[in-house]
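Residue numbers for the sequence shown follow our numbering, so the first one is 15 and each next one is one higher.
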Amino acid sequence: MRFGIGYDVHRLVKGRELILGGVSVPFEKGLDGHSDADVLAHAIMDALLGAAGQGDIGRHFPDTDARYKGISSLALLERVMEILGADGYQVSNVDCVVVAQRPKLAPYITRMAKNLAEAMRVPVTAVNVKATTTEGLGFAGSGEGIAAYAVAGIKKVPEGTGQ
Ligand code: MG
């Protein structure tokens with residue numbers, strides 16, 4: 015068993031769609047970034063790559079590369095699974111926290127977990143998504159941005175199982 019941690023922050027700006035865990039969340043602002051800026055998917059990808067000893071998403075998908083402009087981060091997550099799969103790893107479980115003062119994310123958590131589980135090709139029970147505010151403190155509390163933390167556990171696929 016190997017473990018990895020991921021952390022990411024994106025700035026909230028007007029005129030962008032808010033995408034979290036592949037869900038379009040209705041809100042007056044969205045996250046700024048080169049891709050769809052799905053901060054939750056980014057934190058999970060960094061946790062997975064970290065667990066596999068494969069660096070981070072900046073190394074695999076540089077934001078200077080036009081191919082990744084506006085791309086769905088779930089598509090990048092599928093790419094990360096190919097990187098892990100090539101090394102013989104499968105995901106055991108992922109736990110994560112979205113840190114946002116607003117909007118209220120509870121109604122979207124189940125769909126986020128489902129999207130993320132599908133992209134990682136694991137049962138939805140292997141993915142746990144949580145959300146918290148910061149009681150108004152700091153950049154998340156003031157609504158300047160949204161942060162996400164993730165921890166991933168991965169394991170080697172047993173030889174000869176054909177998985
Ligand atoms: Mg990011």
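For every residue, glycine included, the Cβ atom is placed at its ideal position computed from N, Cα and C. Just so it is clear, the structure is predicted and the values come from calculations on it, not from any experiment.
Determine whether the beta carbon atoms of residue i and residue j lie at a separation below 8 Å.
i	j	result
GLY64	LEU130	no
THR165	ALA55	The sequence given here places Val at residue 165; Thr does not occur at that position. It is not a contact, given that the beta carbons lie outside the stated cut-off.
GLY157	ARG116	yes
VAL143	ALA127	yes
ARG186	MET95	For the chain, the structure presents residues 15 to 177; residue 186 sits outside this window and is missing.
GLY102	VAL53	no
ALA140	ASN107	yes
Residue i: beta carbon under 7 Å from a heavy atom of the ligand MG?
i	result
ASP22	yes
GLY47	yes
VAL39	no
VAL108	no
HIS74	no
VAL53	yes
Please state the DSSP three-state secondary structure of residue i.
i	result
GLY159	strand
SER49	coil
LYS43	coil
PHE75	coil
GLY18	strand
THR146	strand
ALA166	strand
ILE33	strand
LEU98	helix
ASP109	strand
SER86	coil
VAL171	coil
VAL27	strand
Below 8 Å on the Cβ atoms is my guess for residue i versus residue j; work out the distance and round it to an integer in Å.
i	j	result
SER38	LEU90	SER38 to LEU90, Cβ: 17 Å. No contact.
ALA162	ASP22	5 Å
GLY20	LEU32	Actually they do not touch by this definition, with Cβ atoms about 19 Å apart.
Tell me which same chain residues have a C-beta within less than 8 Å of the C-beta of residue i, skipping the five on either side of it?
i	result
ILE97	LEU63, ALA66, GLN68, HIS74
GLU42	LYS28
Looking only at its own chain, which residues have a Cβ that is under 6 Å from the Cβ of residue i, when we skip the five neighbours before and after it?
i	result
PHE17	ALA65, GLY167
ALA145	VAL112, LEU119
ARG25	ASP46, GLY159
VAL105	MET134, VAL136, ILE168
By Cβ distance below 7 Å, which residues in the same chain neighbour residue i in space, the five residues on each side in sequence not counted?
i	result
LYS83	HIS48
GLY150	GLN115
LEU88	GLY36, ALA55, ASN129, ALA133
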